[in-house]
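Numbering (this note's numbering), first residue to last: 44 to 708.
A short write-up of the structure that comes next.
Structure representation (structure tokens):
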């Protein structure tokens with residue numbers, strides 16, 4: 044049965060509304076700031092193959108549209124009315140959950156004794172046990188440190204909750220009452236979905252319902268391929284870097300080659316670095332996965348906003364990821380901070396698409412997406428509290444004809460910020476500053492969006508600050524089409540006070556009452572030659588506090604003195620000879636790094652490392668890099684300029700060490 048266009052559109056809207064009502068129920072019933080305020084959750088309807096055919100447009104995490112419930116469903120086996128599956132296991136769930144705080148629930152929806160679809164939801168839970176409050180730490184090197192592992196199993200059987208599992212769950216997390224309240228909200232959302240599906244079937248019939256679930260995905264696939272045909276046929280490659288893997292000072296490289304033919308897109312991540320001995324690994328299972336395709340979804344949805352949101356949007360995309368890489372790690376590699384790596388995958392895809400479609404794709408965003416969490420323990424009662432005081436991001440990248448968005452980036456997920464009043468009510472903090480960061484945006488004819496600055500003071504004993512996923516301290520958000528790169532991130536302890544210290548990328552910092560932390564995120568990359576930006580716009584940015592007068596002169600050739608725009612001096616400054624602007628401005632740090640680790644040798648290095656066992660490849664990589672770049676273990680890549688005194692000799696040394704230490708393919 045194939046539905047006519049009018050009937051299909053009616054069913055499309057009803058099914059989407061069903062998924063959205065599930066999301067509204069979950070957000071309103073939940074208790075944690077992760078869910079209620081930040082909206083770190085998702086809801087959907089899945090078909091009998093475990094793929095989503097109905098998804099909210101603007102509620103919850105937008106990027107999980109192509110997740111796959113099939114492995115979790117098949118692992119549990121036969122299901123009956125009233126059953127609910129639970130899992131948080133990144134490997135046993137087949138990448139449905141990509142780190143263990145993400146609890147996944149799946150409920151079969153029955154009609155006349157048979158399953159017709161599944162309801163799905165997930166939340167980022169406040170804590171799932173493990174070695175630190177909120178369970179996520181970049182320093183963890185295996186899954187067993189990251190909390191309670193729940194392989195796919197029944198949380199609810201025939202309507203009865205498995206109290207033994209609940210007791211085990213409560214015993215393994217630090218804030219059990221908060222977590223259980225969020226789980227109950229998830230169950231409520233699934234019940235709402237079941238009722239709405241039943242109502243749609245009563246109104247339209249089971250045949251129409253099943254036809255709609257299929258036709259919507261076929262429709263999305265056809266429309267998405269039409270969009271992807273606008274990408275010229277060919278092969279395009281790009282790579283980008285994470286600052287380091289936290290366990291060492293060695294950067295992580297993400298590489299992608301996109302091959303396009305008649306609207307069919309293949310993403311090949313060969314040349315990406317091996318999995319790391321920290322929690323930055325992304326457990327995709329080596330298949331097409333949302334963390335690997337998100338920017339293509341943004342491209343397709345932007346060019347055709349009428350495409351229905353379901354997995355059909357991705358059916359013209361294939362993905363390959365070598366096993367053992369940071370994007371397809373082997374069990375039991377830690378995965379808790381996988382979102383930081385996913386952000387860099389986004390930036391890599393932005394580069395690939397910019398290469399294929401020059402002038403049409405925005406420059407990359409600030410490149411960080413991090414929840415700032417306060418963990419408290421009451422010295423008198425022992426009560427623990429966990430709260431997201433803010434979800435910090437950078438600015439978005441600029442594009443042809445438009446500046447980037449200041450202090451806002453929904454490129455990874457459309458998460459909300461937390462009201463300051465809520466943060467101060469939940470835990471002992473005082474937010475002293477929360478605003479846009481001056482001079483953080485990449486310069487350009489269209490400037491990047493500014494990053495954020497937040498400073499808060501801790502008020503109580505027994506408090507710790509956790510910020511897992513901070514990035515872009517070294518490798519800047521690059522500029523496109525002649526635009527400049529954004530500023531790097533900074534984290535300052537007790538700024539402006541005795542003992543002020545730049546503490547860089549942090550895991551968990553134990554605080555004393557009165558201590559402050561200031562977090563400054565990166566701005567987005569600029570687009571186009573900054574000297575072509577209208578002087579009046581630069582002057583406006585100076586008056587608004589987005590750009591300093593010094594940066595206006597240096598990067599834009601615009602002279603602002605005494606609070607006035609000097610057009611004559613600006614004209615003279617802009618008329619002076621200067622070197623041509625590069626298509627990509629990566630900043631001096633990446634240029635220095637690639638004077639030795641260029642694409643050819645870095646790709647060969649990564650491929651040959653994969654021929655060793657996971658523990659050995661991690662150690663060998665560190666040893667070789669530290670031998671080729673003396674001092675990196677002490678000063679890190681922040682001191683990039685001093686690390687490459689003789690790039691030619693260092694490159695020869697690298698090739699020699701590879702030949703003596705690593706097997707050939």
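Beta carbons are placed, not taken as given, at the ideal position from N, Cα and C, and that holds for glycine.
Please work out which residues of its chain come closer than 6 Å, Cβ to Cβ, to residue i, disregarding the five sequence neighbours upstream and downstream, and give them in chain order.
i           : result
residue 320 : 184, 290, 661
residue 544 : 536
residue 449 : 438, 479, 492, 493
residue 395 : 279, 281, 299, 301
residue 107 : 85, 333
Quick one: grab the DSSP three-state call for residue i.
i           : result
residue 48  : helix
residue 414 : strand
residue 245 : helix
residue 55  : helix
residue 478 : strand
residue 509 : strand
residue 560 : strand
residue 350 : coil
residue 708 : coil
residue 521 : coil
residue 385 : helix
residue 375 : coil
residue 129 : strand
residue 271 : helix
Quick one: using the 10 Å Cβ neighbour count with 16 as the cut-off for buried, is residue i buried or exposed?
i           : result
residue 619 : exposed
residue 656 : exposed
residue 366 : exposed
residue 229 : buried
residue 433 : buried
residue 79  : buried
residue 310 : buried
residue 533 : buried
residue 92  : exposed
residue 244 : buried
residue 362 : buried
residue 546 : exposed
residue 288 : buried
residue 641 : exposed
Leaving out five residues on either side along the sequence, give the residues of the same chain with a beta carbon under 8 Å from the beta carbon of residue i.
i           : result
residue 559 : 475, 498, 499, 500, 501, 536, 537, 538, 540
residue 45  : 254, 258
residue 139 : 110, 111, 112, 114, 115, 130, 147
Going by the CB atoms, is the gap between residue j and residue i shorter than 8 Å?
i           : j           : result
residue 294 : residue 636 : yes
residue 379 : residue 180 : yes
residue 324 : residue 381 : yes
residue 638 : residue 589 : no
residue 98  : residue 62  : yes
residue 297 : residue 388 : yes
residue 159 : residue 252 : yes
residue 633 : residue 279 : no
residue 301 : residue 399 : yes
residue 191 : residue 161 : no
residue 327 : residue 335 : yes
residue 85  : residue 103 : yes
residue 567 : residue 425 : no
residue 346 : residue 273 : yes
residue 248 : residue 88  : no
Take residue i and list the residues in its own chain whose beta-carbon comes closer than 7 Å to its own, dropping the five residues that flank it on each side.
i           : result
residue 177 : 169, 170, 416, 418, 429, 509
residue 16  : Limits of the chain in this structure are 44 at one end and 708 at the other, which puts residue 16 out of reach.
residue 527 : 485, 486, 487, 569, 573, 598, 628
residue 351 : 55, 259, 262, 263
residue 617 : 574, 600
residue 136 : 114, 115, 130, 147, 195
residue 90  : 96, 160, 256
residue 668 : 293, 675
residue 344 : 350
What residues are listed by DSSP as bridge partners for residue i?
i           : result
residue 607 : 604
residue 162 : 88, 150
residue 277 : 303
residue 533 : 563
residue 433 : 415
residue 363 : 311
residue 545 : 535
residue 500 : 473, 559
residue 199 : 127, 204
residue 551 : 509
residue 495 : 479
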